[in-house]
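As you go down the protein sequences, you meet chains P and A in turn. The numbers in my numbering rise by one with no breaks, and the one at position 263 of the first sequence is 263. The numbers in my numbering rise by one with no breaks, and the one at position 19 of the second sequence is 1019. First up is the structure itself, then whatever we jot down about it.
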Amino acid sequence: MKFDNIIIGGGLSGLTCGIKLAEQGKKCAIVSSGQSAIHFFSGSFDLLGKVDGEDVSNPLEGMKSLSEKHPYQRVGLENIERLTDDALHLLIRAGLSFTGQANRNHFVLTPMGIMKPTWLTLDDFTSFDHKDHFPWNKAVILNFSGFLDFHTLFIKDGLKKLEVDAQIKNISMKQFEAIRKNPSEMRSTNIAKEFDKGNAIDEFAEKVNLLSETTEVVILPAVFGLFNRNVVEKLNQKINKPLVLLPAIPPSVPGVRSQIMLRQRFQDLGGTYFMGDNVEGGTFDNNRLLDIKTNNHDDIKLEADQFILASGSFYSKGIVATHNKLYEPIFGLDIEGDSDRNNWLDEKFFNDQPYMHYGVKTDDKFRALMDGQSIENLYVAGSVLGGANPLKEGSGAGISVLTSLHTVEQILK
Amino acid sequence: MKKEIFEPYNISDNNFEQCVKCTICTVYCPVLEVNPEYPGPKQSGPDGERMRLKDPGFYDEALKLCLNCKRCEVACPHGVKIGDIIQMARIKHSKKKPKFRDMILANTDIVGTMASTFAPIVNPMVALKPVRRIMDSVLKIDHHRMFPKYTGLRFESWYRKYAEKKQKEFKKHVSYFHGCYVNYNFPQLGKDLIKIMNAAGYGVHLLEKEKCCGVALISNGLIKQATKQAKHNVEVFKKSIVEKNMPVISTSSTCIFTIRDEYPHLLGVKNKEIRDESELATRFLFRLVDTGKLKLVFKKNYKKRISYHTPCHMEKLGWSIYSTSLLRMIPGLDFVPLESQCCGIAGTYGFKKENYETSQEVGKPLFNQIDNSNVDFVATDCETCKWQIEMSTTCKVMHPISILAEALDVEATMKLWEV
């Protein structure tokens, strides 16, 4: 089966590559081993939140002090600003409305009740200008009776530090009684499916209005609009007070919706998305990858002019560590990482863990290396690259999206 | 560096310990959405498995509400065989004996043989409202359901009478696993397949007495009989594939999925020697076209607007691309993509009175998609999906092979390889 480009990995990085290439008229396929980490989406994309433990207010400035091995440095700081703009518009063309700027972080309230710096925020959520100021003094935190995936006390405690007086109240409705019967299935996506049907919104909004008469702002878990995109908008219209949504425990409702919309955008552009398939290996000749073999398609190999490896980091098995080995499991590509396992971990859990920086080795054009040789047509993008600690820096989404766009530019050159 | 193969170490026979509790599977379970009595794939599968290992008393009969659609497995980022874990738990622990009704629904072979023998009486009988009411109240087969019509002339008999002789004239040969539906209900699909394969230069042969793949036996808990049939089929497939060097093709996605994957995973029937060369006809044809060994020529005046529904087992196989790619080769065809969603029938599941409502609720989003798509007909590779969609929407459903047969210019196609 022949394509122009094949992308291994269907998460944020793979979809960004796929959409960008398909927009340029390329015939693309994405092979994804299952649903992606976008299902854990908090609602915001970070670019750079912290450097050496210090808050970053202007990510574009903050990047200048990153090491030369960092993916942003390797993409080239001169390219970053343009690519951030590109990323925002790619998302908007997919129907996802985000706000934010690359040269100035804004803040979002986390489910721990803390203000966190970030780059782009989905319009379900509220962006704040200041870290230590919440625009309202009296808040009501509303939860669904029986919903265990929204931890209201953390939020209340966090808001107290911002001098906000918050009350916690619960809402029960007969529409949610059925899913409540089974406590393990009272999940955000199942609540969202009830709202998707359209018959819960009015009654819910009425109840919210009753419970929020004496407050200035309503805080709710982000459980609205899974397959139906307009639920949040409708709630905003029907609820009298300003509405602040906070992420609940995954699977994330805005995340699933974003994943679906990005995949649909890719497919609308003519892309082929192979879901639930695993790449088992490839045929190499003369430092070129000719085709890949997948579990489902077996002897019917998938061929392409260029391939992109966007298979994620440890969690997605883009790279694997066993008790004594570190390796890239699909092709056996070279790894940037320590071969001595004693150096993988820092014994202080909250320190910058060395293994977080590990990833597939690439040349300056982001092409994978195998036995020290560049594979001419196998590019690498996203968190499988390594060179950064996205958790410490608040840079995961930025690295995924920007290295993907940069890689696509290398291919299109 | 030599490539390392990543094979996680599991203590269990299935791989439930690979579950990281991300709960993504629960988002894509079509049953959970409409029937809260079902504990959902995570609870029923890997979570429940830990409990059942300690004490089989934790087995919950509500697991029978699983459709075995495997959409949880397709969604799982860690490759956990959630659907298999649930089916295995049912096989191992269920105390519920199959009802008389379940045996009737599951024994497609025996019922098919009897019904097709008396087709002129059976067809109008089971279509009658009072008869359906009686089946509803006595057998608990929902009265909304129409049984597919039984044919008076079974495919196998037709084949022996009219087609067999001609097949020997070809240079290349395949065997055809027609399955119960083609044999007892809809021989036309088998005839369409022969038309295409012959046009492609292949003679089509029957297996040496195939038996029902057993999918309905498995889902109705008749495991012993299913295993017996599976062993028989594997032997018959071996005769074709190993001895005669003839691959086996089929037109039913569920039959072929069962033979390739459920035999070893659920029944413990080994099929290694035959698995790779047992496949769907659309995949076989796609490979020929893709490698330049076959060119299909289509009629110039064939103009249709169609969509393709991905049956759950096609989604799991990942093979819908073969059917849709072949259909897209037809020049006059306007192709409308559908989001892949379960139709709710799940073989015999939706025929049961107690499941009727769940079944229709599951299928609703798909029915809406289809009713709004304004197509001449829907294409799909699964016969039970066809019944469900035809009952629940205003659309007719055709098998991709039948569409290809209708659109194919047989003579022009044959000319390309005859010289």
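For glycine and all other residues, C-beta sits at the position ideal for the given N, C-alpha and C.
Tell me which same chain residues have a C-beta within less than 6 Å of the C-beta of residue i, skipping the five on either side of it?
i, result
"proline 1124 (chain A)", "none"
"methionine 1001 (chain A)", "Low confidence applies here, because methionine 1001 (chain A) scores a pLDDT of 48, under 50, leaving its location unreliable; read the following figure in that light. Same-chain partners within the cutoff: there are none."
"cysteine 1213 (chain A)", "Cys1255, Thr1258 and Ile1259"
"serine 42 (chain P)", "Pro247"
"phenylalanine 154 (chain P)", "Met112 and Gly113"
"alanine 1106 (chain A)", "Ala1216, Leu1217, Asn1220 and Leu1222"
"glutamine 175 (chain P)", "Glu194 and Ala200"
"arginine 263 (chain P)", "Tyr273"
"aspartate 196 (chain P)", "Leu226, Phe227 and Asn228"
"threonine 126 (chain P)", "Val244"
"leucine 162 (chain P)", "Phe134"
Report all residues from its chain with a CB closer than 8 Å to the CB of residue i; omit the five preceding and five following residues, and keep chain order.
i, result
"methionine 1329 (chain A)", "Val1289, Leu1296 and Phe1298"
"serine 32 (chain P)", "Gly9, Gly10, Gly11, Gly14, Tyr273, Phe274, Met275, Gly276 and Asp277"
"phenylalanine 40 (chain P)", "Pro250, Pro251, Ser252 and Gly255"
"glycine 34 (chain P)", "Met275 and Gly276"
"glutamate 1354 (chain A)", "Lys1140"
Rounded to the nearest angstrom, how far is the Cβ of residue i from that of residue j, given a contact under 8 Å?
i, j, result
"lysine 1420 (chain A)", "aspartate 1142 (chain A)", "Only positions 1001 to 1419 of chain A appear in this structure, which leaves residue 1420 (chain A) out of reach."
"arginine 1101 (chain A)", "leucine 1139 (chain A)", "4 Å"
"phenylalanine 331 (chain P)", "methionine 370 (chain P)", "7 Å"
"threonine 1380 (chain A)", "proline 1311 (chain A)", "6 Å"
"glycine 1363 (chain A)", "cysteine 1343 (chain A)", "5 Å"
"histidine 1232 (chain A)", "tyrosine 1202 (chain A)", "So it is not a contact: roughly 25 Å between Cβ atoms."
"proline 1187 (chain A)", "arginine 1154 (chain A)", "7 Å"
"asparagine 324 (chain P)", "methionine 356 (chain P)", "In fact, because the Cβ distance is near 19 Å, the residues do not count as touching under 8 Å."
"glycine 394 (chain P)", "lysine 64 (chain P)", "In fact, because the Cβ distance is near 17 Å, the residues do not count as touching under 8 Å."
"leucine 60 (chain P)", "glutamate 81 (chain P)", "6 Å"
"glycine 398 (chain P)", "leucine 66 (chain P)", "11 Å between Cβ atoms; not a contact."
"tyrosine 1356 (chain A)", "glycine 1347 (chain A)", "14 Å between Cβ atoms; not a contact."
"alanine 304 (chain P)", "alanine 381 (chain P)", "Actually they do not touch by this definition, with Cβ atoms about 15 Å apart."
Please return the same chain residues whose Cβ sits closer than 7 Å to the Cβ of residue i, not counting the five positions on each side in sequence.
i, result
"aspartate 1409 (chain A)", "Val1297, Phe1298 and Lys1299"
"alanine 1499 (chain A)", "With chain A running from 1001 to 1419 in the structure shown, residue 1499 (chain A) is simply not present."
"cysteine 1025 (chain A)", "Pro1041, Lys1042, Cys1072, Ala1075, Cys1076 and Ile1082"
"valine 408 (chain P)", "Cys17, Lys20 and Leu21"
"serine 212 (chain P)", "Val140, Val218 and Lys241"
"serine 1325 (chain A)", "Phe1286"
"asparagine 230 (chain P)", "none"
"cysteine 1019 (chain A)", "Pro1046, His1078 and Val1080"
"glycine 158 (chain P)", "Met112, Gly113 and Ile114"
List, in order along the chain, the chain D residues whose C-beta lies closer than 7 Å to that of residue i?
i, result
"arginine 187 (chain P)", "The structure shown contains no chain D; its protein chains are P and A."
Starting from the N-terminal side, write out each stretch of the beta strand (DSSP E) that is 3 residues or longer and does not extend beyond the stretch 1306-1362 of chain A. 1333-1337
If we require 4 or more residues per run, which alpha helix (DSSP H) segments fall completely within the stretch 106-150 of chain P? none
Along the stretch 1130-1144 of chain A, what residues have a CB closer than 7 Å to any CB found in chain P? none
Mind listing which residues of the stretch 1059-1091 of chain A have their C-beta closer than 8 Å to chain P's C-betas, in chain order? Glu1073, Val1074, Ala1075, Cys1076, Pro1077, His1078 and Gly1079
Can at least three beta-carbon pairs, one atom from the stretch 183-190 of chain P and one from the stretch 1023-1040 of chain A, be found at a separation below 8 Å? yes
4 or more residues per run - each alpha helix (DSSP H) lying fully within the stretch 1198-1262 of chain A: 1215-1219, 1223-1238 and 1253-1257
Which full runs of the beta strand (DSSP E) of 3+ residues lie inside the stretch 1042-1124 of chain A, going along the chain? none
Hey, which unbroken runs of the beta strand (DSSP E) at 3 residues or more fall wholly within the stretch 325-397 of chain P? 367-370 and 373-380
Three or more C-beta pairs under 8 Å: does that hold for the stretch 142-152 of chain P against the stretch 81-100 of chain P? no
With 8 Å as the C-beta to C-beta threshold (strictly closer), list the residues of the stretch 1273-1287 of chain A near chain P in chain order. Asp1276, Arg1283, Phe1286 and Arg1287
Answer yes if the stretch 202-211 of chain P comes into contact with the stretch 231-243 of chain P, meaning at least three C-beta pairs across the two stretches below 8 Å, and no otherwise. yes
What are the residues of the stretch 34-58 of chain P that lie near chain A, defined by any Cβ-Cβ distance shorter than 9 Å? Gly34, Gln35, Ser36, Ala37, His39 and Phe40
Under 8 Å, CB to CB, which of the residues in the stretch 178-205 of chain P have a partner in chain A? Ala178, Ile179, Lys181, Asn182, Ser184, Glu185, Arg187, Thr189, Asn190 and Lys193
The stretch 315-334 of chain P: which residues have C-beta closer than 9 Å to a C-beta of chain A, in chain order? Tyr315, Ser316, Lys317, Val320, Thr322, Lys325, Tyr327, Glu328, Pro329, Ile330, Phe331, Gly332, Leu333 and Asp334
Determine contact between the stretch 170-180 of chain P and the stretch 129-147 of chain P, defined as no fewer than three beta-carbon pairs at a distance below 8 Å. yes
Residues within the stretch 287-299 of chain P neighbouring chain A, beta-carbon criterion of under 9 Å: Thr294, Asn295, Asn296, His297, Asp298 and Asp299
Extract the residue ranges of the beta strand (DSSP E) inside the stretch 1115-1187 of chain A, only unbroken runs of 3 or more that lie entirely within it. 1172-1177
Three-pair Cβ contact test at 8 Å for the stretch 1225-1239 of chain A versus the stretch 1261-1274 of chain A: yes
Given 8 Å, three or more beta-carbon pairs between the stretch 371-386 of chain P and the stretch 282-296 of chain P: yes
Secondary structure, beta strand (DSSP E): runs of 3+ residues fully inside the stretch 159-201 of chain P: 165-171
Scan the stretch 65-114 of chain P and note each continuous beta strand (DSSP E) run of 3 residues or more that stays entirely inside, going in chain order. 106-109
Proximal residues, the stretch 1319-1341 of chain A versus chain P, C-beta separation under 9 Å: Trp1319, Ile1321, Tyr1322, Ser1325, Pro1337, Glu1339 and Ser1340
Anything in the stretch 271-288 of chain P with a Cβ closer than 8 Å to a Cβ of chain A? List those residues in chain order, please. Thr272, Phe274, Met275, Gly276, Asp277, Asn278 and Gly281
Tell me which residues of the stretch 229-256 of chain P have at least one Cβ-Cβ distance to chain A shorter than 8 Å, keeping chain order. Pro250, Pro251 and Val256
Please give me, in chain order, every unbroken run of the beta strand (DSSP E) with length at least 3 that falls completely inside the stretch 205-268 of chain P. 217-221 and 243-246
Interfacial residues, the stretch 1035-1047 of chain A to chain P, with Cβ spacing under 7 Å: Pro1036, Pro1039, Gly1040 and Gln1043
Closer than 9 Å, Cβ to any Cβ of chain A: which residues of the stretch 62-86 of chain P, in chain order? none
Selection of the stretch 1244-1270 of chain A by Cβ proximity to chain P, strictly under 7 Å: none
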